[in-house]
Each structure stands twice: as structure tokens, then as C-alpha cells.
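Just so we're aligned, residue 2 is where the sequence shown starts under our numbering, counting upward by one.
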Amino acid sequence: MYLQDGGSGAAPAGPTFTGTQRLSIEPAAIPDALSAFREAHDRVSRKVQELGGLPVRDWAGDPVSGETAMQFTERTNGGGADSAMACLTGYQEQLRNAIESLESAHADYLAIEGTNTARWGKYD
């Protein structure tokens with residue numbers, strides 16, 4: 002039941018994203034954003050490591066459990082684009098890119114602010 006439409010009908014369509022996505026952030030908020038992205042990256046990195054070390058055994062030693070273990074391994078750690086490992090490592094890379102972008106923006110901001118401070122300081 003969806004209350005938005007009075008309790009009937011289909012679920013509302015989710016957002017559709019196309020093209021390059023951008024994050025706008027105030028320069029003063031960059032350190033807190035960096036902290037949040039680093040924490041998320043660390044958590045995802047731990048999950049990637051845990052998933053990579055996940056033992057998948059042939060539970061019953063029979064052909065059925067052997068096939069199930071093989072499919073589970075493929076779905077979890079396989080090379081397919083929709084495997085859990087591919088999804089997590091893709092997200093990990095997106096977080097790493099966001100961190101690098103924020104670090105670069107922060108360095109640029111500090112350089113500009115330092116230059117502005119030096120310029121205005123000589124007029125005091």
C-alpha cells in the first residue's frame with residue numbers, strides 16, 4: 002500500500018540518473034565531508050576484504066550442494082558485473098574518487114584562502 006496515492010496503485014518510480022553526477026559542498030564543510038567519506042570507504046573496504054575471504058564449502062559433499070556452492074561463489078565473488086564483489090568494489094572506487102576530489106578541492110581552497118589572506122595582510 003502506498004499512502005502517497007491514497008493507498009492504491011503501483012510504487013512510485015525511483016529517481017533516474019543520467020550523465021555526470023556532481024556534489025556541491027561549501028568549502029568550510031569539506032573536512033566533515035572528507036571524514037564521512039573516509040569512514041564509509043573504510044567500512045566498505047572491510048566488507049570487501051571479508052567477502053573476499055568468505056569460505057564457501059560443499060556443505061553436504063553431494064553434487065547438489067557442490068553446484069550450489071559453485072553458484073554462490075560465482076554470484077558473490079565472480080567476475081560478473083552484478084556480483085556482490087563487483088558492486089562493493091565499484092562503490093569502494095566511487096568513494097575513493099570522491100575522497101580524492103574533496104582532498105583536491107580542499108587543497109585548492111586552502112591555497113586560495115592563504116593567498117587572499119597574504120594579500121589582505123599586507124594592507125593592514
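By construction, the Cβ of each residue, glycine as well, lies at the ideal position given by its N, Cα and C atoms. Predicted, not measured: the structure shown is a model, and the values here were computed from it.
Nearest Cα to Ala37 within the set Phe73, Glu104, Gly53 and Asp109: Glu104. Just so you know, the alpha carbons of Leu52 and Asn78 end up roughly 8 Å apart. Taken through DSSP and simplified to helix, strand or coil, Asp83 comes out as coil.
Per DSSP, reduced to three states, the secondary structure at Gly62 is coil, with no helix or strand assignment.
In this chain, the alpha helix (DSSP H) harbouring Leu35 covers Ile31 to Gly53. Taken atom to atom, the span from the alpha-carbon of Glu101 to that of Glu75 is near 32 Å. At the C-beta level, Val45 and Leu89 come within 9 Å of one another.
Collapsing the DSSP output to three states places Glu27 in coil. Between the alpha carbons of Ala99 and Asp33 lies a gap of roughly 13 Å. Here the C-alpha atom of Gln72 lies approximately 12 Å from the C-alpha atom of Gly81.
Rounded to whole angstroms, the separation of the alpha carbons of Ile26 and Tyr110 is 12 Å.
Look at Thr69 here: in three-state DSSP terms it is helix. Cα atoms of Ala106 and Gln50: separation of roughly 29 Å, rounded to the nearest angstrom.
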